[in-house]
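The block underneath contains the structure these notes are about, expressed in structure tokens.
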Amino acid sequence: INITQPTFSVHRPEKPNGVAAIILPGGGFGKVVPDLEGTEAADWLNQIGVTAFVLRYRTTDDPLAPGWAKPLQDAQRLLARLRSEAETWKIDPDRLGIVAFSAGGQVGARLLCDQNQLAYKPLDQIDTVAHRPDFAILVYPWRITDDKTQTLISDLKVPTNCPPTCLIHTHDDKSTAVGAALFYAELRRHNIPAELHIYGNGGHGYGLRKIPGSQISSWPDHAGHWLQTLPLWK
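Take the position in the sequence shown, starting the count at 1, then add 293; the result is the number in this note's numbering.
Shown next as structure tokens:
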């Protein structure tokens, strides 16, 4: 079913610390995975005091349209909206990040590299508010490399002021872990706080769930620890 209107749900922790994150699920841009890469990630964030917003972004059934375009617009808009309404949502507008999976991970990577350039014409005052995330956790970001050149896709130019980023992938992911490694290399080159975890096995699309014979389900522990080392974690 094509999603024509973006919606989001809020998931509040028992003991909020002011940090918040928008969750961008995967789904290949044709759907949005609501639980595996949405509410289950929100539960984890809540456990460490982070307020979570799961975005159900628009999809497209037009094979000629770039699948990432509408999700990117919706993510930019929600980041700006939550910042402008931070008091209402009881979050710190300067401690708002993203946790993004698969196709959502590609959107997340684009957000990090867009240099605060809107992907749509401004609608109202909200769009004057910065939409850049303050941190990012990208979990098996999908199709961020050019298959022919084995380099990052041309839209991804990691800026020198890129927000702190943690990347999670597996060696046996058929969508290739090379993109995560290349993105990390650019972060390292710019001396941006970052972590890269590539597990030997686990495939793709595991979310936070256990995979037999793999240690991949330990990634939230590592990502959570990394997040708590950042200055924004007061």
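Each residue gets a CB set at the ideal place from its N, CA and C atoms; glycine is no exception.
What you are looking at is a predicted structure, and each value in this text was computed from that prediction instead of being measured.
Between the options, which has its C-alpha nearest residue i's C-alpha?
i: E380; options: G311, D466, H462; result: G311
i: P327; options: L338, F301, G390, A314; result: F301
i: K324; options: Y350, T344, A314; result: Y350
i: V471; options: L317, A423, H490; result: H490
Can you tell me the Cα-Cα spacing of residue i and residue j, whole angstroms?
i: T421; j: P415; result: 8 angstroms
i: F346; j: G493; result: 30 angstroms
i: L523; j: C459; result: 11 angstroms
i: H515; j: A358; result: 36 angstroms
i: V392; j: G398; result: 8 angstroms
i: Q521; j: F428; result: 11 angstroms
i: W382; j: R482; result: 36 angstroms
i: N295; j: G321; result: 12 angstroms
i: K308; j: D336; result: 13 angstroms
i: S395; j: S507; result: 19 angstroms
i: N484; j: Q298; result: 38 angstroms
i: A334; j: G342; result: 13 angstroms
i: L411; j: H518; result: 32 angstroms
i: C455; j: D355; result: 32 angstroms
i: I533; j: K363; result: Outside the displayed span of the chain (294 to 527) sits residue 533, for which this structure offers no information.
i: T438; j: G401; result: 14 angstroms
i: T453; j: A478; result: 12 angstroms
i: L445; j: D387; result: 28 angstroms
i: E488; j: Q443; result: 21 angstroms
i: P457; j: P486; result: 5 angstroms
How far does the beta strand (DSSP E) with residue i in it reach, from first residue to last?
i: G390; result: 389-394
i: F301; result: 300-304
i: A362; result: Premise fails: A362 lies in the alpha helix (DSSP H), 362-377, not in any beta strand (DSSP E).
i: E330; result: From DSSP, E330 is part of no beta strand (DSSP E); its letter is neither H nor E.
i: I485; result: Segment: none, I485 is in no beta strand (DSSP E) and carries neither H nor E.
i: T458; result: 458-463
Could you check whether residue j and residue i sit closer than 8 angstroms to each other, using their CB atoms as the reference points?
i: R502; j: L329; result: yes
i: W361; j: R305; result: no
i: G496; j: T463; result: yes
i: R370; j: L389; result: no
i: A368; j: T344; result: no
Contact criterion: CB-CB distance below 8 angstroms. Does residue i meet it with respect to chain B?
i: P524; result: Any reference to chain B falls outside this structure, which holds one protein chain only.
I'd like the span of the alpha helix (DSSP H) that includes residue i, first residue to last.
i: V471; result: 471-482
i: H518; result: 512-522
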